[in-house]
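K.L.:
In the numbering used here, the protein residues as written are 328 to 646.
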Ligand code: UDP
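#1: Return the chain-ordered ranges of every beta strand (DSSP E) run that is complete within the region 521-555 and spans a minimum of 3 residues.
#2: Is residue 621 a contact residue of the ligand UDP, with contact defined as CB to any heavy atom under 7 Å?
#3: Tell me the DSSP secondary structure of residue 646 in three-state form.
#4: Identify, in the order they occur along the chain, each residue of the same chain with its Cβ nearer than 6 Å to the Cβ of residue 519, setting aside the five sequence neighbours on each side.
#5: Assuming contact is defined by CB atoms lying nearer than 8 Å, are residue 444 and residue 481 in contact in what I supplied?
#6: Can you tell which of 490, 467, 489 and 488 has its C-alpha closest to the C-alpha of residue 272?
#7: Among residues of its own chain, excluding the 5 on either side of residue 527, which ones have a beta-carbon nearer than 8 Å to its beta-carbon?
#8: Heavy atom of the ligand UDP less than 7 Å from the Cβ of residue 508, yes or no?
#9: By how many angstroms is the C-alpha of residue 544 removed from the C-alpha of residue 625?
#10: Provide the residue span of the alpha helix (DSSP H) that contains residue 612, from first to last.
#11: List the endpoints of the continuous alpha helix (DSSP H) containing residue 461.
#12: So residue 339 and residue 368 are in contact, right, with Cβ under 8 Å, and what is the actual spacing, rounded?
#13: Tell me, which residues are paired with residue 340 by DSSP?
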């Protein structure tokens with residue numbers, strides 16, 4: 328019997344590439360479509376000789392067709408504040424046009440579909456922790472809006488294809504995820520802090536460091552996606568680790584696990600930086616039987632080897 332074939336848009340990115348590994352492990356044949364704007368070939372290098380794997384360099388903002396697929400995993404988008412600020416227009420286009428085109432593929436082949444959405448849909452939340460039913464507090468014209476509104480639109484198009492065309496869709500709302508293959512210079516807090524700690528440079532805490540995030544290790548996040556992909560839930564599901572830390576606590580943990588003597592340097596808080604973020608994962612727990620297993624200190628330790636090598640090679644510019 329022929330293998331089932333999955334399309335992963337954005338499969339050369341941090342999360343997309345880990346998803347490819349998981350799907351191949353589950354017996355899928357996988358085709359990645361990525362324009363390498365923020366994704367990297369290096370993330371897929373280990374799959375070069377894998378017969379069940381194909382890579383297609385293509386921008387999904389134009390209509391595309393890679394042949395019959397049974398599942399569409401739509402993961403294409405710049406995802407770090409530094410990346411989406413630099414590529415604001417591309418971020419809006421991939422969230423809108425790219426999403427239409429990914430959904431058109433699913434519609435054409437009657438394939439199932441799962442899209443990576445984000446906790447940014449909640450903006451600077453007034454409800455804490457955030458449940459899927461919360462509509463959010465997003466500044467539609469601020470610097471983060473290129474990402475936040477693109478993802479909110481992504482969700483709207485996805486629900487419309489489900490309602491109007493009966494496409495079998497799923498929406499994962501991702502909370503801060505970290506682990507090996509993160510781009511060293513993508514500007515997110517975990518790679519920034521670890522890189523700074525390993526180089527003996529000050530850890531740049533924005534604001535007073537009292538803002539919170541809840542960090543999910545990549546293997547837990549991927550396990551959540553796989554479970555969601557097998558479910559019949561069409562409304563959004565939070566996939567994140569509810570264990571909440573202040574950014575200052577995160578900095579201190581990085582100093583502890585690296586044994587670094589780096590100091591903390593306080594820098595201005597970026598505009599519209601959410602003050603707190605914590606997923607309510609009751610829905611994922613009950614619906615998917617999913618529970619994150621790896622807490623922040625252990626996950627940082629698991630990531631350290633990758634970051635040591637990346638810092639030693641300073642590989643990050645080679646996108
Ligand atoms: N942050 C920080 N120092 C850094 C990078 C980020 O203090 O070098 C803070 C940032 O202001 C935010 C949090 O860490 O409050 C998480 O930022 P990140 O860019 O990782 O993701 P976000 O959750 O904001 O999308």
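The C-beta atom is built at its ideal place from N, Cα and C for all residues, glycine as well.
P.N.:
According to the data block:
#1: Unbroken beta strand (DSSP E) runs of no fewer than 3 residues, entirely contained in the region 521-555, are found at 530-533 and 539-541, following chain order.
#2: no
#3: Per-residue confidence for residue 646 stands at a pLDDT of 45, beneath the threshold of 50, marking its modelled position as unreliable; the derived number appears in the next sentence. Assignment of residue 646 by DSSP, reduced to helix, strand and coil, places it in the coil class.
#4: none
#5: yes
#6: The requested residue 272 does not occur in the structure, where the chain is confined to residues 328 to 646.
#7: 587, 588 and 589
#8: Residue 508: no, Cβ never under 7 Å from the ligand UDP.
#9: 9 Å
#10: 609-615
#11: Here residue 461 belongs to no alpha helix (DSSP H), and DSSP marks it neither H nor E.
#12: 6 Å
#13: According to DSSP, which records beta bridges pairwise, residue 340 is partnered with nothing at all.
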